[in-house]
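Notes for the one structure printed next.
In our numbering, the protein residues as written are 259 to 430.
Right under this line is the structure:
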């Protein structure tokens, strides 16, 4: 495990630089990760740092997604929804990795339709079998069993399919 004294010293050092505005974005992110390990007051400070970082760097998807995740984890779903809507409007600029996380965060908000849209768009863009399986899972969560089964049958028809396709197919 982590030495609590050393973690606390790192937090105090980084927080001082973040508070006086001299920290770069990497130090801000490191601070929020350290704070999220601690008790609720530290978590609240992590959210505060992330909010400030999102304002200063609105184009950074990673920071926005970290903020949304932290807000969801602390039950602040209304604020998380607002940030998620902002990020979704710029979705085309995001990497597939950021879009995958966005899809998971939409599920965390209970927006299964949004999760289906993004995960199935990613699958269509990447032609990756694992992205396709995510789309299948999203479709199933949304009650679209017929569409999911059709996609799964197409994946299962590939003789070079990975074992995960067989497992998903067997579960259906």
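Glycine included, every Cβ here is placed at the ideal spot set by N, Cα and C.
Sequence-distant residues of its chain with Cβ nearer than 6 angstroms to residue i (five each side left out)
i, result
"residue 392", "377"
"residue 286", "276, 307, 311"
Reduced DSSP category for residue i - H, G, I as helix; E, B as strand; rest coil
i, result
"residue 361", "helix"
"residue 311", "helix"
"residue 445", "Past the edges of the chain, shown from 259 to 430, lies residue 445, and the structure says nothing about it."
"residue 332", "coil"
"residue 430", "coil"
"residue 407", "helix"
Beta-carbon contacts of residue i that lie in its chain and below 7 angstroms, excluding the five residues immediately before and after
i, result
"residue 427", "410, 414"
Proximity below 8 angstroms, CB of residue i to CB of residue j
i, j, result
"residue 374", "residue 397", "yes"
Pairwise C-alpha distance: residue j and residue i
i, j, result
"residue 295", "residue 328", "12 angstroms"
"residue 416", "residue 404", "19 angstroms"
"residue 372", "residue 331", "19 angstroms"
"residue 348", "residue 386", "23 angstroms"
"residue 345", "residue 382", "20 angstroms"
"residue 419", "residue 354", "21 angstroms"
"residue 412", "residue 400", "20 angstroms"
"residue 270", "residue 299", "14 angstroms"
"residue 293", "residue 273", "10 angstroms"
Residue i beta carbon near the ligand MN (any heavy atom closer than 7 angstroms)
i, result
"residue 407", "In the structure on display, the ligand MN does not appear, and there are no ligands present to speak of."
Integer-rounded CB distance, given that residue j should sit under 8 angstroms from residue i
i, j, result
"residue 402", "residue 380", "The Cβ separation is near 17 angstroms, so there is no contact."
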